[in-house]
Each structure stands twice: as C-alpha cells, then as structure tokens.
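Chains as they are written, first to last, in this note's numbering: chain A, 1 to 427; chain B, 1001 to 1427. Think of the CB as a built atom: it goes at the ideal place given N, C-alpha and C, for glycine as much as any other residue. Data first, discussion second: the structure below is written as structure tokens.
Protein chains: 2
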Amino acid sequence: MIDPIVLKGFRDSLPGEEIPKKNIERKLESVFESFGFVPIDTPVLEYESVLLGKGGGETDKQIFHFEDNGGRKVAMRFDLTVPFARFLALHHAELPLPFKRYHIAKAWRGENPQKGRYREFIQCDFDIVGVDNAESDFEILSLMYASFHALGIENVCFHVANRALFNEFLETIGISEKSIDILRTVDKLRKIGKDEVRNLLVEITGDEKKSDMIISYITSGDGKDFEATLDAIVSLIGKETESSERMRRIFSYLKENGIEKFYVYDPSITRGLDYYTGIVYETFLTDYEAIGSVCSGGRYNNLASLYTKEVLPGVGASIGLDRLLAALTELKSPLAKDTKSADLVILYKPDEAEKAISTAFSLRMEGIKTDIYLLPQKKAKAQYEYAEKLSIPFALSFKDGLYELKNLKTRETSEVDSLSRVAELCR
Amino acid sequence: MIDPIVLKGFRDSLPGEEIPKKNIERKLESVFESFGFVPIDTPVLEYESVLLGKGGGETDKQIFHFEDNGGRKVAMRFDLTVPFARFLALHHAELPLPFKRYHIAKAWRGENPQKGRYREFIQCDFDIVGVDNAESDFEILSLMYASFHALGIENVCFHVANRALFNEFLETIGISEKSIDILRTVDKLRKIGKDEVRNLLVEITGDEKKSDMIISYITSGDGKDFEATLDAIVSLIGKETESSERMRRIFSYLKENGIEKFYVYDPSITRGLDYYTGIVYETFLTDYEAIGSVCSGGRYNNLASLYTKEVLPGVGASIGLDRLLAALTELKSPLAKDTKSADLVILYKPDEAEKAISTAFSLRMEGIKTDIYLLPQKKAKAQYEYAEKLSIPFALSFKDGLYELKNLKTRETSEVDSLSRVAELCR
Chain A
1 MIDPIVLKGF RDSLPGEEIP KKNIERKLES VFESFGFVPI DTPVLEYESV
51 LLGKGGGETD KQIFHFEDNG GRKVAMRFDL TVPFARFLAL HHAELPLPFK
101 RYHIAKAWRG ENPQKGRYRE FIQCDFDIVG VDNAESDFEI LSLMYASFHA
151 LGIENVCFHV ANRALFNEFL ETIGISEKSI DILRTVDKLR KIGKDEVRNL
201 LVEITGDEKK SDMIISYITS GDGKDFEATL DAIVSLIGKE TESSERMRRI
251 FSYLKENGIE KFYVYDPSIT RGLDYYTGIV YETFLTDYEA IGSVCSGGRY
301 NNLASLYTKE VLPGVGASIG LDRLLAALTE LKSPLAKDTK SADLVILYKP
351 DEAEKAISTA FSLRMEGIKT DIYLLPQKKA KAQYEYAEKL SIPFALSFKD
401 GLYELKNLKT RETSEVDSLS RVAELCR
Chain B
1001 MIDPIVLKGF RDSLPGEEIP KKNIERKLES VFESFGFVPI DTPVLEYESV
1051 LLGKGGGETD KQIFHFEDNG GRKVAMRFDL TVPFARFLAL HHAELPLPFK
1101 RYHIAKAWRG ENPQKGRYRE FIQCDFDIVG VDNAESDFEI LSLMYASFHA
1151 LGIENVCFHV ANRALFNEFL ETIGISEKSI DILRTVDKLR KIGKDEVRNL
1201 LVEITGDEKK SDMIISYITS GDGKDFEATL DAIVSLIGKE TESSERMRRI
1251 FSYLKENGIE KFYVYDPSIT RGLDYYTGIV YETFLTDYEA IGSVCSGGRY
1301 NNLASLYTKE VLPGVGASIG LDRLLAALTE LKSPLAKDTK SADLVILYKP
1351 DEAEKAISTA FSLRMEGIKT DIYLLPQKKA KAQYEYAEKL SIPFALSFKD
1401 GLYELKNLKT RETSEVDSLS RVAELCR
C-alpha cells in the first residue's frame, strides 16, 4: 500500500475551497475582460537560463529546477512576470500594441511554508505593455479598484508612490548612488518600524542627517490627503518634476471618476524589486491589514531587456489569489462561503430511477444545476447528509404524480405540478 | 542577451488561441456544474512513488521527475486520474459520496511531440465515485453528450462497449487468462486494421479458430443499431449476463431521453488501460474522425486500491482539450474563431484623454467590455490595425459633443447622443 500523502508545502483543494476559488477567478477574469485585457498562457517549464536571467540571490535557491530526460536544464516558473518578459521578447511583433494581457496561473517556490504561504500558489497578473503615460498608469489603478469592487470588497486601500520621484529626491540630497540599497531598506518599514529603518539607513549612508531626511520623505503626509502628501514631497525635492506632474494627473483621473477615496499617497512604498521605474503600489484590506498586501505592482520601463533590444515599457499588478482567499474566508465574505454545488438534488426510490433520470435531464437542459443522488437504496438520513455536505438548497422527490420540493434550510415542503415551476422556484 | 525560446514540445498560447480555449473551458465547466459536479485541484508535483504506483513500462520513461532541494524524489503529474486516486484515498471520509468531481488542468509527458500532441497538455476529467450502477454509467454518458452539445458539436458519435462482457466472452471460448494482452491488441484495430489484429491474436492465443471468434466478436453489428449489436454479442456469449442487462438498461435511458442516435455499440472498443472493468467508450467527431478520440473513459471498480483498503468504484471520462481545440479549428467552429477581446474600443485625440477615460469607466461599470487605445498620438491607421488584431467590432470616438460609433466591419458610422444608447448598440 502506498501512503497517499502530498509534498510539504503543497495542498489538495477540496470542493469547499475550490468552488470559491473558481468563483473568484471568474469574477476577476470578467473584470479584466471588461477592460479589454486578453488572456495568454505560457509553459510551466522553461529553460533554467531563461527564468533565472541575470538571476542570483534568493530566487535561485528557491526554484524547482532539474535536468530533463533530454539533458536540458529546466525550471518551473516562480512567477508570471519573467515568463511574460520572455513571451514579449518572442512575440512582440505579432501582438497588438499596447498589449493588455492577464494571466491567472500557478507558480512554484521552494520556500519554507508559513500560514497562507505555500510552495504552489496562484498569481493573477495584469499588465499593459508598449505605452508609458498617465493614462495607462490610471488604467491599471482603476482596474485594481474594479477587481476588488467586483469581489464585494469596498474596505480596500491602495497605497501608491513613485520610485522615480523617490530617486529624484535621493539625487537632491546627493545620495542617489546608493538608491537600490535605500529602496530595499525603506520597503521594510511596515515590517521593522521607523527606528530600525533609520538605523539601517545610517549604516548604508554613513550620514545621520541624510537618513533623517529620508525618514521624513517616507513619512510625509498623513496617509489621507493624496495631494497634500504629494505637495509635501515635492517641497522636499524642491521642484515639480515630470514624475510629480504624472502623479497629479493620475490623481485627477481618480477624482473625476469618483474613486479617489480608495487611494493614498504613501511615500514609503518602494517595492523591493529592481525593475520598477515609476509608479508603484500595494493594496491593503482595511479590515485585515495584518495579512499584508493582496495586490502589488508598478511601472517598469523595460521588462524584456534581458531577451530583446526592443524597448517595451509596461505597467501592471499582481493579485496573490491564495492570500486573498484566506483573507476573504477570515472576513466571512459571502464569496468565500458560497460552496453550493447545485440548485437542487433529486432524491428517488429505486423503482423511480427512470423518472428521476428524465427529470434531471430536463432540468439540466433548462439550465438548472441539478444533482441526482445515485444511491436510492440508502436511508433518508444519508441522502440529506449528502445534500448538506454540498450546500444544496433544495431536494426534489416524487409523490402521487406530483413533484415535492423541500427547502433544506427551512425544511418546508411544497407540492409542485410542473417542472417549469420547479425551475422557477429554484432560480 | 538571452534567447527567448521555449522548450521542445512546449508552446506559448497567444490570445488568438487562449480566448477560444478559455471559452471552451467555461462552457465545459458550466455543463459539468449543471450536472452537480464539483471542482477539485491537486498539486502539480507529487512524490514520484505516489504517481508511479506499481508503475513500470512506458509511463516511467515519459514523466518529468527529479530530486527536489530537500532530497525528495518528486514528479510532475502525467494525467489527472492517478492524482485523483491518491486524493480519494486521502480524503474519502470528508467527501460526499457518491462524489462527482471535475478537474480541468495541465499534465506533462516527455513523449516525442507530434501534430496536436505536446509535452504539456490540458485534460478535462469528470468522474463519479462510490457507486456502481447503470444510472451512474448513464450520468457520465449523458454528460458527454451535454458537453459536446454545449460546444455546438452535434456531429459526434460515442462508441460504447463493455469490458466485463468482453471478458465473459473470452471465458466462454476458454481463453480468459490472456485477456489483458488480447484487450490491448483489440484496442489497436482502428490503427492497424483487422488483418494485422488477427495476426497478433494468433500469436497471442496460438489458435486460429479462437482468433477468428474474437474477430467476429469485435466486428459484431453494423455500427448503427445499438440493440442489434448487443443481441449479436449476447448470442456469441450464449446468454444474457448482468453486464449485458446493464448495457440494455443504459440504452433504454438513452432512448427515453432522446439521445440514443449519438451512441453506437462498438465491441472493438476496449481501452488499453488495465483499470477498466465495465463500460468503456471513445468519442469521434464524424466530420473529423482522423484526429482520433476526443473523449474517452469507462468504469473502474477500484481506482484507489493502490493507496487504501476502502473500495471505491467509479466511472468517468476525460476530454483532451488541445486535441478538441485543434479539431474545432480545423472544422471552422464559431467557438474556435471567436477571438474578440472587447465590444468596443475608444479612439481619442490627445486632448480628449479625460473624456475618453471617463467614458471607458462608465461603459465598463455598465458591463460593456471596453478597450481604450492608449497611444492617441498614433496615426488612425495604427489605431484601426490595433482594433482589427483584437477582432473588436466597434470603435467609439468623440465629435461635436456627440459619440460617433463606427462598425469596423461594415465601416458604417452612426452618431449617438448618449452612453446608454452606445451600450445598447454594442450589446
């Protein structure tokens, strides 16, 4: 006998989890498509050299990689961004530009499993490539709002900043050569707090005064008034720049479409990754901030540069579906609780099989999600337990030439004389 | 510069292919759910020992397997059936029984790529576990019909047979100890023809007369009249059996629900795999038989026996999505041709950005799939080419305070004074 176990950090998804996950994916896909975004897919396995690129560092150790039967060094994708960059380099000539794509798929990392973090996880990415302007930045920001709105989440806050602006500030105070280390340190503010960030900044810069200036930059504003915060950091830089004007323009689009209250300018957001060059953002659920950002991203001016000379600026974001589902469950969202498998289940006696089967066939053709309990010889208790496990709201049975419809929650029964009436009652 | 190539036997899916693929998946999911089937998911990676089981033979050589960073021997799944057996062994106590699940996901095999066959492919599996009767066999057969019907395919023929009946026949002629080899040989009839099958049968059985009897069994009937074929093989066996009566019952359900014309009894269908024990089937598109079976499966009396003592009989089928999509494309199905990314695209002049963005926002909130061309400084030609590449049917622009809606196929334009009227025209 083989032990039927799964690997550490991996999970089965039972219907109670998979049904909500599918519902969320479908809602997201429908929103992405309402914005004219199109789906693509890429292979799960790629050449290791393609996925690691310049590579190095933590990611290498964490990826699943091996030599295939043909002696090729291959690896499983660890995100959807790197394969997308490779995809763009290979196909940009065939693609409509600007290219707006979404991709909902699994990725794998061998990191140590923690609560809500697994070695196999689902990413929902959406990006616009081939254009660098305020309108495309806004397109992604408004799609983020529309996504959470479609999921029934209004208590959401998008923390927005601009890396180019931050770099302009570092230039103003004469410390731009250390910007990568500084950005990575500032990115830890939420985790380690202001004092610890200041200590690290002093280590990096060797300059207490400049470290304090960085601290005042990243804590500018009150986290409420977008424009006041922007004014504050512009005054720290000493002038309006192209980047500050872009941020003002984006904010005016937010206001005009009545969604500005969901966005704050948070100068401490930098995103650790090297490739961001403009606007950056993270997303917090105001009822459950502790779970961390559920949607992050930003603008990169040349994502595919490892693979092609073609310059392809882009802007995009990524939703971590597993974390989002964990949050929705914690928040008792109706979406996470909806695990209904069918509108009704037909319960029948062994000698009613023909009638039961024809009834199921007709209801299904009418678009009613119809289950039929296939072990009619079982006791009533087993039959009702089955319906309960699957959250099926109605049971249909046969009685004196009529249909008997039982509401399994209220236990009320009603006699119904036609199938079309049954369909009506179940809808 | 890194060469942006993909591995041999792997493919990117561009929107022109991915949009139809998603549409097909959604239609299938919707049909599966209308029958009360629920989705599950399992990890892409499993312990090699779990996936290979008793294993041996061709499959071992074809799978992607390796040692992970923790020294575990792991493998990527090569189908959805083996992980499902492992899943059942692990979770059967928590699951509603009978358990009806569907699973649409990728699997991987390192076989040599051919037309329509890749190393990464998508399977759509649906099974009922925990019940062994004619009603559950019919449930799968009717779901197969409903699936193809939902995809707009009426020229489909389900070839049905019964392995238990075949084995009863082999017993009658006293040759049942060689049944596995015989079943595998008969399975090749379509590929290698009657004469070659007869030669192989003579080799296996060492008996020309018995080989001829097997040939007459597997060629019984005219491929049209289900019941006549069943009569013919029953007379070769010499009596009605439990299996023949089950097949008669299944056929009566097909007739009663008016779908019998899509099914033929084809005694040559055996399915190569060891685990089938009752009904078996393959599916052919009558307009494109050459592509082979697009949906196959059958009944197994104990799928999970490698992992648990619990006896779990089941019946199910699997659709190969890549092959089906290739067939739909070849047959010029509307489903394969529908690559529309949005209902309309907004084209605007650089100084109309605010109006364009608000218009897009409003239309999207009304549920209209709205794209907006984000490079307004480009020439009209580039803008129309963009719409054409994405098969967008309408372009909206602004003119004298009105909306101008252009049908991009007929090139007709109409002036419209309200957005709700635009939405109406696009629906």
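Which runs of the alpha helix (DSSP H) spanning at least 4 residues fall entirely within the segment 301-353 of chain A, listed in chain order?
You should have 321-330 and 334-337.
I need the boundaries of the alpha helix (DSSP H) containing K1381/B, first residue and last residue.
Taken as a continuous stretch (DSSP letters only), the alpha helix (DSSP H) holding K1381/B covers A1380 to K1389.
So D212/A is in the alpha helix (DSSP H); what residue range does that whole segment cover?
E208 to I218 is the span of the alpha helix (DSSP H), which, as asked, contains D212/A.
With a cut-off of 9 Å, does the C-beta of I24/A fall near any C-beta of chain B?
Chain B, which has no Cβ nearer than 9 Å to the Cβ of I24/A, makes this no.
Could you tell me how far apart the beta carbons of L1151/B and L1335/B are, in whole angstroms, since I believe they sit closer than 8 Å?
So it is a contact: roughly 6 Å between Cβ atoms.
DSSP three-state call for A1093/B: helix, strand or coil?
Coil at A1093/B, not helix or strand.
Assuming N1133/B and L374/A are in contact, meaning their beta carbons sit under 8 Å apart, how far apart are those beta carbons, in whole angstroms?
Yes, N1133/B and L374/A are in contact; Cβ-Cβ is about 7 Å, under 8 Å.
Out of E289/A, S420/A and Q383/A, which one is the CA nearest neighbour of L408/A?
It is Q383/A whose Cα lies nearest to the Cα of L408/A.
Roughly how many whole angstroms lie between the Cα atoms of H1159/B and V1129/B?
So the two alpha carbons sit approximately 22 Å from each other.
Would you list the one or two residues that DSSP bridges to A1161/B?
Partner(s): V1280/B.
Got a sec? Which residues, its chain only, sit under 6 Å from A89/A by beta carbon, not counting five neighbours each side?
Once the five neighbours on either side are set aside, the close Cβ partners of A89/A are A304, Y307 and T308.
List the DSSP bridge partners of K369/A.
Per DSSP, none; premise fails for K369/A.
Go through the segment 1009-1080 of chain B residue by residue and report every complete run of the alpha helix (DSSP H) that reaches 4 residues or more, in order.
Within the segment 1009-1080 of chain B, the complete alpha helix (DSSP H) runs of at least 4 residues are 1015-1034, 1048-1052 and 1058-1062.
According to DSSP, which residues form a beta bridge with L396/A?
I346/A and L405/A, per the DSSP bridge assignment.
Contact check, E1227/B vs F1251/B under 8 Å by CB: the rounded distance?
Yes, E1227/B and F1251/B are in contact; Cβ-Cβ is about 6 Å, under 8 Å.
Of all Cβ atoms in chain B, is any one closer than 9 Å to the Cβ of D41/A?
Answer yes: the Cβ-Cβ gap between D41/A and chain B drops below 9 Å somewhere.
Which residues of chain B have a Cβ atom closer than 8 Å to the Cβ of A89/A, listed in chain order?
The contacting residues are P1004.
Can you grab the Cα-Cα spacing for the pair D125/A / L143/A, in whole Å?
If you take the alpha carbons of D125/A and L143/A, they lie about 11 Å apart.
Going by C-alpha distance, which of I1019/B, P1039/B and V1006/B is nearest D12/A?
It is P1039/B whose Cα lies nearest to the Cα of D12/A.
Of the residues that make up the segment 1345-1360 of chain B, which ones have a beta carbon closer than 9 Å to any beta carbon in chain A?
Of all residues in the segment 1345-1360 of chain B, V1345, A1353, E1354, A1356, I1357, S1358 and A1360 have a Cβ within less than 9 Å of some Cβ in chain A.
Per DSSP, which residues does H103/A bridge with? Please list them.
Per DSSP, D125/A.
By the criterion of Cβ-Cβ separation under 8 Å, what are the contact partners of F1078/B in chain A?
Per Cβ cutoff of 8 Å: no residues; F1078/B is ~13 Å from chain A at best.
Mind listing which residues of the segment 1375-1399 of chain B have their C-beta closer than 7 Å to chain A's C-betas, in chain order?
Going along the segment 1375-1399 of chain B in chain order, one finds L1375, Y1386, K1389 and L1390 with a Cβ nearer than 7 Å to chain A.
Apart from the five residues on each side of it in sequence, which residues of its chain come closer than 7 Å, Cβ to Cβ, to S179/A?
Here the set comprises N167 and L170.
Pull up the distance between the alpha-carbon of Y253/A and that of D222/A, whole angstroms please.
Cα to Cα, the separation comes out at about 21 Å.
My guess is that G367/A and S1220/B are in contact by the Cβ rule of under 8 Å, so how many angstroms apart are they, rounded?
Actually they do not touch by this definition, with Cβ atoms about 39 Å apart.
Going by CA-CA distance only, name the one from G1206/B, D1003/B, E1354/B and I1215/B that's closest to E256/A.
The option with the nearest alpha carbon to E256/A is E1354/B.
For L1374/B, which three-state DSSP category applies?
L1374/B falls in the coil class under three-state DSSP.
Here's the rule I'm using: 16 or more other beta-carbon atoms within 10 Å means buried, otherwise exposed. How should S235/A be labelled?
Classification of S235/A: exposed, given that the 10 Å Cβ count is below 16.
Indicate whether at least one CB of chain B lies closer than 9 Å to the CB of G71/A.
Not an interface residue.
Quick one: which chain A residues come within Cβ less than 7 Å of N1301/B?
What N1301/B touches in chain A: nothing, since even the nearest Cβ is about 16 Å away.
Taking the straight line between their C-alpha atoms, what separation do you get for I392/A and P15/A?
In a straight line, the C-alpha of I392/A is about 13 Å away from that of P15/A.
Indicate whether the contact test is met: 3 or more Cβ pairs, each with one atom in the segment 1263-1272 of chain B and one in the segment 1183-1199 of chain B, closer than 8 Å.
Yes, they touch.
In three-state terms, what does DSSP make of R117/A?
Of the three classes helix, strand and coil, the one that applies to R117/A here is strand, per DSSP.
Grouping DSSP H, G and I as helix and E and B as strand, with all else coil, what is T1172/B?
DSSP places T1172/B in helix when its eight states are reduced to three.
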